[in-house]
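Comments concern the structure below.
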Amino acid sequence: MDKSDAKKLLGGEFSFVFDNIDSLLQEIKMEKNSKILDVGTGEGKMAIALALNDYHVLTGELEGDESKYAKRDWFKSAKKVEVDHLITYTPFDAEKMPFEDGSFDVVFISGALHHIEDGQAAYNESVRVIKPKGKICIFEPNLRAIGTIREKKFADHPDAVDPREFNHTHKLSLEIKKTSFYDAYIFQKVN
Ligand SMILES: C[S@@+](CC[C@H](N)C(=O)[O-])C[C@H]1O[C@@H](n2cnc3c(N)ncnc32)[C@H](O)[C@@H]1O
210 MDKSDAKKLL
220 GGEFSFVFDN
230 IDSLLQEIKM
240 EKNSKILDVG
250 TGEGKMAIAL
260 ALNDYHVLTG
270 ELEGDESKYA
280 KRDWFKSAKK
290 VEVDHLITYT
300 PFDAEKMPFE
310 DGSFDVVFIS
320 GALHHIEDGQ
330 AAYNESVRVI
340 KPKGKICIFE
350 PNLRAIGTIR
360 EKKFADHPDA
370 VDPREFNHTH
380 KLSLEIKKTS
390 FYDAYIFQKV
400 N
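Going by the working numbering, the sequence shown opens with residue 210, and the numbers climb by one from there.
Here is the structure:
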């Protein structure tokens, strides 16, 4: 489906986030057959944005997460815009991922790192499961976005985190890109 039709169908919030994600995807420049993991499915905005750009994506969230941020019916939205066939869902714990070392070209953690109890463990696991030269793309809402989320959706939404604090021991290279909603931290394994 054409991206502008998908945006109309899914409406305001999705459409706005897709625009932010699309500008970041242009920076990340992934091959079409990249092996991609999306950590923390939630409403599926990240997974659906990737699929609308013709990427296959494996996504998942913590099994038994009963918080209001989980099990957000991503499948219904993906089906509505006809990309459900590009998205595979499997529940997993980001702090202890059930994947082999070097399984993925890119790991995305979008709007999710601040919801994960042990962010350092999730970062360590992301480093482990990417291939040499693989990337970890962490999108965290900026201060203004956090304000909007608290005002319009979740009054008790946590603060964003700065993932640079988790990279000290790993020393992956880092590029930071800013959009109107997300600060994007694009880490890359040197080899
Ligand atoms: C706000 S949602 C993320 C938004 C989503 N990425 C999107 O694009 O719509 C936060 C997600 O983090 C997940 N999460 C929290 N702790 C987790 C963990 N330890 N392992 C995996 N997922 C976790 C929650 O289950 C939820 O799906």
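Glycine included, every Cβ here is placed at the ideal spot set by N, Cα and C.
As the structure is a computational prediction, the values presented were derived from the model and not from experiment.
Query                                                                                                            : Result
Among V399, K344, L295, the one whose alpha carbon lies nearest that of I237                                     : K344
Top-ranked residue by Cα proximity to K305, from N262, H323, S335                                                : S335
Contact check, S183 vs M239, beta carbons under 8 angstroms                                                      : Nothing can be reported for residue 183: it is not among the residues displayed for the chain, which extend from 210 to 400.
Check: Y391 C-beta below 7 angstroms from any heavy atom of ligand 1                                             : no
Residue environment, N242, which counts as buried when at least 16 other CB atoms sit within 10 Å                : exposed
From V399, A215, D274, residue whose alpha carbon lies closest to that of V290                                   : A215
Segment contact flag, the segment 213 to 232 with the segment 266 to 276, C-beta cutoff 8 angstroms, min 3 pairs : no
Closer than 7 angstroms: G220 CB and nearest ligand 1 heavy atom                                                 : no
Coarse secondary structure for G269, derived from DSSP in three states                                           : strand
For P341, three-class secondary structure by DSSP                                                                : strand
Exposure label - F363; buried when at least 16 CB within 10 Å                                                    : exposed
Beta-carbon proximity list for P300, same chain, < 6 angstroms, skipping 5 on both sides                         : G269, E272
I318 in three-state terms, based on DSSP                                                                         : strand
heavy atom of ligand 1 below 7 angstroms from A364 C-beta                                                        : no
V248 (DSSP reduced to helix, strand or coil)                                                                     : strand
Heavy atom of ligand 1 within 7 angstroms of M255 beta-carbon                                                    : yes
At least three beta-carbon pairs within less than 8 angstroms, the segment 346 to 355 to the segment 277 to 286  : no
Cβ separation of V292 and A321, assumed to be a contact under 8 angstroms, to the nearest whole Å                : That pair is no contact at about 20 angstroms.
Three-state class that DSSP yields for T297 in the structure shown                                               : strand
Extent of the continuous beta strand (DSSP E) to which K386 belongs                                              : 382 to 387
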